Each structure stands twice: as structure tokens, then as C-alpha cells.
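These notes concern the structure reproduced below.
Number of protein chains: 2
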Amino acid sequence: MEVTLKDVAAQVGVAPSTVSRALNRKAGVSERTRSAILATAKRLGYIPNAAARGLARKRTESLGFLVNPQQLLRPDAFYLEILEGVEQVTQERGYQLVFSTENAKVLLKAKRVDGLILAGCDLKQSTILLLKRRGIPLILVDNHLEFDQIDSVVIDNVSGAYTAVAHLAELGHRTIGFIAERLDDLNFSERFEGYRRALQAYGLPYDQALVASGPAELSGKPEDATLYGQIAMQRLLKLKLPTAVFAANDGAAAGALRAIRAAGLRVPEELAIVGFDDGFIARHTEPLLTTMRVHRREMGQVAARLLLERIAAPDQPVRQVKFSAQLIVRASSGKELAREVRDDPKLSRPAEASRTSAKYISLGGIFSC
Amino acid sequence: MEVTLKDVAAQVGVAPSTVSRALNRKAGVSERTRSAILATAKRLGYIPNAAARGLARKRTESLGFLVNPQQLLRPDAFYLEILEGVEQVTQERGYQLVFSTENAKVLLKAKRVDGLILAGCDLKQSTILLLKRRGIPLILVDNHLEFDQIDSVVIDNVSGAYTAVAHLAELGHRTIGFIAERLDDLNFSERFEGYRRALQAYGLPYDQALVASGPAELSGKPEDATLYGQIAMQRLLKLKLPTAVFAANDGAAAGALRAIRAAGLRVPEELAIVGFDDGFIARHTEPLLTTMRVHRREMGQVAARLLLERIAAPDQPVRQVKFSAQLIVRASSGKELAREVRDDPKLSRPAEASRTSAKYISLGGIFSC
DNA sequence: TTGAAAGCGCTAACAT
DNA sequence: ATGTTAGCGCTTTCAA
Chain A
0 MEVTLKDVAA QVGVAPSTVS RALNRKAGVS ERTRSAILAT AKRLGYIPNA AARGLARKRT
60 ESLGFLVNPQ QLLRPDAFYL EILEGVEQVT QERGYQLVFS TENAKVLLKA KRVDGLILAG
120 CDLKQSTILL LKRRGIPLIL VDNHLEFDQI DSVVIDNVSG AYTAVAHLAE LGHRTIGFIA
180 ERLDDLNFSE RFEGYRRALQ AYGLPYDQAL VASGPAELSG KPEDATLYGQ IAMQRLLKLK
240 LPTAVFAAND GAAAGALRAI RAAGLRVPEE LAIVGFDDGF IARHTEPLLT TMRVHRREMG
300 QVAARLLLER IAAPDQPVRQ VKFSAQLIVR ASSGKELARE VRDDPKLSRP AEASRTSAKY
360 ISLGGIFSC
Chain B
0 MEVTLKDVAA QVGVAPSTVS RALNRKAGVS ERTRSAILAT AKRLGYIPNA AARGLARKRT
60 ESLGFLVNPQ QLLRPDAFYL EILEGVEQVT QERGYQLVFS TENAKVLLKA KRVDGLILAG
120 CDLKQSTILL LKRRGIPLIL VDNHLEFDQI DSVVIDNVSG AYTAVAHLAE LGHRTIGFIA
180 ERLDDLNFSE RFEGYRRALQ AYGLPYDQAL VASGPAELSG KPEDATLYGQ IAMQRLLKLK
240 LPTAVFAAND GAAAGALRAI RAAGLRVPEE LAIVGFDDGF IARHTEPLLT TMRVHRREMG
300 QVAARLLLER IAAPDQPVRQ VKFSAQLIVR ASSGKELARE VRDDPKLSRP AEASRTSAKY
360 ISLGGIFSC
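Here the protein sequences come in this chain order: A and B.
FYI, numbering that gives the first Met the number 0 numbers position 60 of the first sequence as 59, with every residue one higher than the one before it.
FYI, numbering that gives the first Met the number 0 numbers position 104 of the second sequence as 103, with every residue one higher than the one before it.
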């Protein structure tokens, strides 16, 4: 049989409750007994029984991680890296990490965890709200709800996209296109917004012919991001030829590169391109992709910490942590354009580029982790 | 407060034990009371408390999934797809899936699960043996131990590689190279073995100059598989020019394609190539990659089932389920070589190509799931 | 077929 | 500082 707390108590010659106190570092145990208890516990190879502890404490000491299965298999392993960050924190805090793809029986799962990390913006809103109504501590990662106050960890898409487009503008580009596999995605629409703001800031006109996305009907396979990017780029090239393109993510950028190559254009000489995410693929395109780095691992860590804090203090105000993306310049955006293009008077610089340097921005002021 | 079994009992007007029996479909409850209990349980929204159940039953109703963090982030999402298969089965059976990367505190984790799925061959053998000695039900996926009898689910690498190389031989190739990011990997060494057997079967001489692998020192980053494949191919090209190459996995094949392109050779006309895994990348190389498909999802499902069976019957004989890989022909292996090459008398066909059609092969006979 | 009772291993309130 | 006691919510003998 397994070694129980009772066994340890018997060995040391104290009551079980004393052992419990000692093991949980609670006050009210003399240094002498505590060390004796710790020693014998170790010697006996005592490992606490999680079920019993959970039952007594009315907690499970475990966090759930819920993700849309489609998203999970994204080739860039986006949510995996988030998961890794989460795992690290749960590990440190002695919590279990219960993994689940978004299928039925959510509530059943939910009962078995102290809190739930909901990753990605493809989770059904009804699911989220159902969980919220049940009073289960929640945190959204790479997602947020407009009106329902739930803690969240998100990417600063608007300023990230702004930075990407500003980078192109600074290089001298004046006709900058935007492509995305689709536009009805939370992240992508925010990145589109950042694109527009940057155009505005640099005095470049918005031209709808410079914006394209993939087919309306989604295949559902996330790995088709590339294909959709390719189609979007083909469409864009038919409408108008930009000198640069900002793609809403790396997958789309990779697809775009194919379309561009098929069209016989050189990158970055004839067409520069910037992606978003800095996933695996960005270091494997030809040429290497300039992109906005998203700190996935850190997002996962922060999400886990926020959730644990929420569990500890359920009534604290709702928080949002926004991670800024970081410009990673590689070959695909190329060098400056020729002088004659750059010095065109129509290309004005913004008074002040709004580059967020703060890593964390909370809804109600500065937040630091 | 949560609805408990006691509440249901009180509502129906029976004893808690009866409710327990009814809910667990145990014999000895009249149809009348059972349906009454089920109805009120549903009406009250009763969800059993996992901790209490676990404590009483001395089981946790949860399985652990352990994977090397390096491997987890492989860009081809190999273990993720296995994880997905596992998740599906645990979900169906009402088990929790506890996720963990291979870090310390394994035993602590282990105590909280009924059994452990160990994915990948990069887990420390000492860890595996430690867990085994503790008597924790285990199953290895994409890994197996030579002498220590532990249930496992593996890929039939030898015959898979054989099939891949046979495919090239059938196309008329006579100088077929082999590359791998490294050779000290369980899977890769078995694939090398299959390569050699196919050469033998087709009467092609083994030539060490046709075999190359990446640098001995590993970077540790799994995403460098591509880079290592590239280096391996560069090395191979320096030694001897084959007309075809079998790469031990798709990542290496993708790297090889780069090296081949850099060398100015056309694929498949001048150099044909076949990979292994049929991961994401295989559908994203230029040209598309002929490869051996590995049924990752199914491997995960079978692993979970086997583990649950092992938990239910700890003393049954050890089993190994071997999944055969499936040849997926795409552009990179090309069409048949020209007739004059093909009809060379030195190219003899094997009497009988040993293609496994059986999907499952167990250690002790045919096994079917 | 059903109920009563004990107990799984731990925690926490109350005593001392 | 430590012990005693009473559960946490469920399962499982053992009786009836």
C-alpha cells in the first residue's frame, strides 16, 4: 500500500494534523517537529494523495486547458507554445494541467479543475459564457470578449500591424497591400485596423484594391492558411500591383510568396512582404520572412499566473494583459527603396510613431507581471 | 453549493448507496428506482465529484501524457496529433487527460494518474524504468524498449523504409542515397535498416558514400531537422551523386530539397526524393513530397486503449502494436526513369516485396483493435 | 432490491 | 505547539 500521512505521523509519533501542517508549511509547528516530519516523510517516500487533498480542500489543484482542435494542429504550433508556457507555471506551482480539445462535456471537465484557460478565438462564445455563468474561473488567451468581463491575455494586434506597415513605409513603400486568409477573425481584423492606421499616419491613401483575403468558405483545415494566403495574393495581384504587402500572419505570407513567385516577381526587390507571428515558417521561407514576433510562451505563462490569482481572489477587478509584438527584420522586406522614390514629397512621416515599448498594458492602467 | 449524490438521494427518497449503484449502472437496482434516480440526477444537474470518487475507488480516472518538450514543438506537430488521438479516447471513456512535458516531479504527476502515456523516443530511459518499477501502468508511443517489457505502439519503420526505397527502385533508380538528420535515433536507425534491406532485395550494392547524416552535435532544436537534412544532403552530394534519395523523415527531405536546389539539380528529373511521416511539410515543399504516411492520430487512439486495457488487467501479456506506413506518391519521386536505364539487366526485381498489409502486428501474433 | 455504516486520505475547526 | 474530532462526497461491504 501507499505511504499515507498517517504512516508518517505514526513514525514520527505525532498526530496526522501536525504532519499536515508541517507539510503544508503552515504556522504553528515547532522547528524541531517540522524537520523531523519532513525527514521521515522523505525517507518513507510519502507522496500526498491528490484526491484526498482535493476532497478536503474543495479544490483540485489543477488547471484545464481548452483549445479548438483545428487550431491545435496549426503547423506553426502556435497554441502549443502557449501550452508550454502554461505547463511551466502549473508545474512550478504544483498544479496539474488537464488538457482538452473543445468537445462536448465541457462542464464535466470544468468540474474537475479549479480554473480554465481558454485558448484561441475559435472557441464558441456560447461555451465561454456557459462556463462563466457557472462561476468557473476563466482566462482567455489570444481572445477576448467585447462586453463580458473576463480576464484575458492578448496580442496588441493594432500596434503590431502598425509597426509592420510603418516598417514598410519607412523603407519607402507607398503602395502597400494587405492580405489575410480571412477577415472575420478577431486577430486579423485588428491587424487590418493597424494597417489602416499606419497608412493614415504615413499619409498613404487607403485603396480597397490593395486588400484581399482567401475564399469565404473555409476549409476548416488550419494548415490551409498558406493556401488561402496564396489565393489572397493572387487576387491582389490581379487588382493592383503594390510594392509591398503586409500579411496578417506568417502562413498567409508564405502562401503569398508562392503566388508572387508564380507571378514571376522577385522578393524583396519587386515586392516586399512582412508577416505576423514569427512562427516556425518565418525562418523557412525563401527569402526569410520579416515578421512581427508574438511571445507565445510568455503569454501562456502570464495566463496561468493570472488565472491562479483569479482563483485566489475571485473578486478582484477584471484584467487584460496585452503583449506587444516585436518587429523582426529579415530578408523579405529588403532594404530601402531607391532615393527618388523615397524623397517623393507625398511620403510624409508621422509626427510620432506610436510604438508601444511597454510589454504589458492593462485595461485599467499599467500592469506588471 | 454543488449538488451531491446525497441531495439526489434525498430528492428521490432512497439511500445514497442506491443512487451510487444506479449512476454506475451496477446490478441490483430495480428499473423503476434507477430511472427515477437518473431523472432527478439530471434535473438537479448532478455532476459527480471526481476527487471523492477517486478517493473511494482508489483511482483517478485520468491518464497522463508525457512528452519531451523539444519534441512537442516539432513543426510537424507529430506528437500533437498523437495527443489528439489520445484525447479522443480519454474523452469517450470519461477519463481526464493530464498533460506534462518531461520535467522533474514525474513521480508526483504519476501519482495523480491511473496510467501514463510516454510519447517519443527522447524520454530518458531512466525515467521510464523508474516509473515502471513503481508499478505505474505505462505505454510507450513511437518508442519501445528492447529488453524491458512495456506495452508500446510503434511505426513499422523497417518495412516502411523498405517500401519507400522499393518505390524508387521500381521507378528504375539504381543509386539510391540515404540521409537522416542523425542516425542514433531509434526510428531513423530502423529506417536505415529498411533502406539496406530494400537495396539487397533489389540487388543494389550498399555504398557507404551514399549515406549521410547531419552534424554529430545536435542543436536540440527540433525545428533544425530541416537544417540537418540540408547539411546531410550537402555532404552526400560531395561524396557521390545518386539519382534518388530516401530521407529518414520529411524535415530532412525538405532540407535536402534546399541543398539539391542550391546545387542546381532538378527534382525529380535529376534527383528523386522520398521522405517519411507525411507531415504538414510534405504538402508544402516544391515539388510536393512523396513520403510514407504515419498514422499518428490512430497511434494515439490505440495507445490510450491499450493503456486502459492494461489498467483494467495489469497481468495480461505485454503487447506491441506496430503501424505500417503508407506510401503516398507525390511529385518528388517523379515518373519512371528512361527505358534504357530500366532495362539494365543488373536491376533485378525481388521475388516478393514484403509489403505489410496488416495494420496491426502484435508481438505474439495478430492483434486487432 | 435496498439501506446502514464504515472508510478512502486528507484538512481544518476546535480543544488543550 | 500539538492533539482530537468531524467531515469532504463517494463507494463498498455487510445486513436486512
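Here a beta-carbon is modelled for each residue, glycine too, at the ideal position from N, C-alpha and C.
Keep in mind it's a predicted model, so treat the numbers as computed, not measured.
With F191/B as the anchor, note down where its alpha helix (DSSP H) starts and where it stops. Position 192 of the second sequence, counted from the first residue, corresponds to residue 191/B. Its alpha helix (DSSP H) spans residues 185-200.
Please state whether DSSP places T162/A in a helix, a strand or coil. Residue mapping note: residue 162/A aligns to position 163 of the first sequence, counting from 1. In the structure shown, T162/A sits in a helix (DSSP, three-state: H, G or I).
Whose C-alpha, out of A163/B, V88/B, K237/B, I81/B, is nearest the C-alpha of V152/B? Mapped onto the second sequence, residue 152/B falls at position 153. V152/B has its Cα closest to that of I81/B, out of A163/B, V88/B, K237/B, I81/B.
Leaving out five residues before and five after D342/B in sequence, what residues of the same chain have Cβ atoms less than 7 Å from its Cβ? Walking along the second sequence from the start, residue 342/B turns up at place 343. Because the pLDDT at D342/B is just 46, under 50, the model does not fix this residue reliably, and the point stays unresolved.
Give me the Cα-Cα distance between A50/A and L54/B, rounded to the nearest whole angstrom. In the first sequence, counting from the first residue as 1, residue 50/A sits at position 51. In the second sequence, counting from the first residue as 1, residue 54/B sits at position 55. Each residue's Cα considered, the two are about 5 Å apart.
In this structure, does DSSP put I280/B in helix, strand or coil? Locating residue 280/B in the second sequence gives position 281, where the first residue counts as 1. The answer is helix: DSSP assigns I280/B an H, G or I state.
Can you tell me where the alpha helix (DSSP H) with Q124/B in it begins and where it stops? What you label residue 124/B is simply residue 125 of the second sequence in a count that begins at 1. Q124/B -> alpha helix (DSSP H) spans 124-132.
With 7 Å as the limit, tell me which residues of the segment 79-102 of chain B have their beta carbon closer than that to any beta carbon of chain A; keep them in chain order. L79, E80, E83, E86, Q90, Q95, L96, V97, F98, S99, T100, N102
DSSP three-state call for S323/A: helix, strand or coil? Start at 1 with the first residue of the first sequence, and residue 323/A comes out as number 324. In this structure, S323/A counts as coil in the three-state DSSP scheme.
Within this structure, are the beta carbons of T289/A and F275/A separated by less than 8 Å? Start at 1 with the first residue of the first sequence, and residue 289/A comes out as number 290. Start at 1 with the first residue of the first sequence, and residue 275/A comes out as number 276. No, they are not a contact pair.
What in chain A is Cβ-close to R111/B, meaning under 7 Å? Within the second sequence, the letter at position 112 stands for residue 111/B. Here the neighbours are A49, Q95.
Within 9 Å of chain A by C-beta, residues of the segment 1-22 of chain B in sequence order: E1
Mark R295/B as exposed unless 16 or more other C-beta atoms lie within 10 angstroms of its C-beta, in which case mark it buried. Residue 295/B sits at position 296 when you count from the first residue of the second sequence. By the neighbour-count rule (16 or more Cβ atoms within 10 Å), R295/B is buried.
Pick from I46/A, P74/A, N23/A, T39/A: whose alpha carbon is nearest that of G250/A? Here residue 250/A corresponds to residue number 251 of the first sequence, with the count starting at 1. Answer by Cα proximity: P74/A.
One question on the structure: do A118/B and R133/B come within less than 8 Å of each other, judged by their Cβ atoms? Position 119 of the second sequence holds residue 118/B. Position 134 of the second sequence holds residue 133/B. Cβ atoms of A118/B and R133/B: not closer than 8 Å.
Does the CB of H283/B have a neighbour CB from chain A at under 8 Å? Numbered from 1 along the second sequence, position 284 holds the residue referred to as residue 283/B. Chain A, which has a Cβ nearer than 8 Å to the Cβ of H283/B, makes this yes.
Within this structure, are the beta carbons of V164/B and G202/B separated by less than 8 Å? As a working note, residue 164/B is residue 165 in the second sequence. As a working note, residue 202/B is residue 203 in the second sequence. Contact: no.
Decide yes or no for the touch test of the segment 234-246 of chain B against the segment 144-158 of chain B: beta carbon pairs closer than 8 Å, at least 3 of them. no
Tell me the residue span of the beta strand (DSSP E) that contains N7/B. For the purposes of this step, residue 7/B is taken as residue 8 along the second sequence, with counting starting at 1. First, the amino acid is wrong: residue 7/B is Val here, not Asn. No beta strand (DSSP E) contains V7/B, which is instead part of the alpha helix (DSSP H) from 4-11.
Contact list for L54/B against chain A, beta-carbon separation under 9 Å: Along the second sequence, one-based indexing puts residue 54/B at 55. Those within 9 Å of L54/B in chain A are N48, A50, A51, G53, L54.
What are the boundary residues of the beta strand (DSSP E) that T100/A is part of? What you label residue 100/A is simply residue 101 of the first sequence in a count that begins at 1. Taken as a continuous stretch (DSSP letters only), the beta strand (DSSP E) holding T100/A covers 95-100.
Kindly list the residues whose CB is nearer than 8 Å to the CB of R260/B, restricted to its own chain and excluding five residues on each side of it in sequence; keep chain order. By one-based count along the second sequence, residue 260/B stands at place 261. So the list reads V266, once near-sequence residues are dropped.
Give the single residue among S331/A, A303/A, S332/A whose Cα lies nearest to the Cα of E91/A. Taking the first residue of the first sequence as 1, we reach residue 91/A at position 92. The option with the nearest alpha carbon to E91/A is A303/A.
Should A76/B be flagged as near chain A, meaning a C-beta pair shorter than 8 Å? On the second sequence, residue 76/B is found 77 positions in, with the first residue counted as 1. Yes, its Cβ sits closer than 8 Å to a Cβ of chain A.
Nearest by alpha-carbon distance to A252/A: which of S332/A, A40/A, I46/A is it? As a position in the first sequence, residue 252/A is number 253, starting the count at 1. Checked all of S332/A, A40/A, I46/A; the closest Cα to A252/A is S332/A.
Any chain A beta carbon closer than 8 Å to P68/B: Residue numbering aside, residue 68/B sits at position 69 when the second sequence is read from its first letter. Taking Cβ atoms only, chain A reaches closer than 8 Å to P68/B, which makes this a yes.
Closer than 8 Å to chain B by CB, F275/A: Residue mapping note: residue 275/A aligns to position 276 of the first sequence, counting from 1. No, F275/A lies away from the interface with chain B (no Cβ there is under 8 Å from its Cβ).
Own chain, CB closer than 7 Å to T355/A, minus 5 neighbours either side, in chain order: Reading the first sequence from its first residue, position 356 is the one you call residue 355/A. Since pLDDT at T355/A reaches only 32, below the 50 mark, its modelled position is unreliable, and the value read off the structure follows with that caveat. Once the five neighbours on either side are set aside, the close Cβ partners of T355/A are D155, S158, S323.
Given this structure, state the Cα-to-Cα distance separating V451/B from K57/B, to the nearest angstrom. The structure shown does not extend to residue 451/B, since chain B is modelled only from 0 to 368, so the question has no answer here.
Coarse secondary structure for T39/A, derived from DSSP in three states: As a working mapping, residue 39/A is identified with position 40 in the first sequence. The answer is helix: DSSP assigns T39/A an H, G or I state.
Just how far apart, CA to CA, sit A200/B and L287/B? For the purposes of this step, residue 200/B is taken as residue 201 along the second sequence, with counting starting at 1. For the purposes of this step, residue 287/B is taken as residue 288 along the second sequence, with counting starting at 1. In a straight line, the C-alpha of A200/B is about 28 Å away from that of L287/B.
Using DSSP's beta-bridge definition, name the partner residues of S61/A. The residue labelled residue 61/A in the question sits at position 62 within the first sequence. Partner(s): Q95/A.
On the criterion of 16 or more Cβ atoms from any shown chain inside 10 Å, does G213/A qualify as buried, or is it exposed? Translated into positions along the first sequence, residue 213/A becomes position 214. Counting Cβ neighbours within 10 Å, G213/A comes out buried, since at least 16 surround it.
Bridge partners of R292/A, per DSSP? Within the first sequence, residue 292/A is the residue found at index 293, counting from 1. In the DSSP output, where bridge partners are listed per residue, R292/A has D276/A, Q325/A.
Spatial neighbours of T284/B within its chain, please: CB distance less than 6 Å, with the 5 preceding and 5 following residues excluded, ordered by chain position. Numbered from its first residue, the second sequence carries residue 284/B at position 285. These residues qualify, in order along the chain: A253, L256.
Using a Cβ-Cβ cutoff of less than 8 Å, which residues in the same chain neighbour R111/A once the five nearest sequence positions on both sides are dropped? Counting from 1 along the first sequence, the entry for residue 111/A is found at position 112. Here the set comprises T59, S61, G63, V97.
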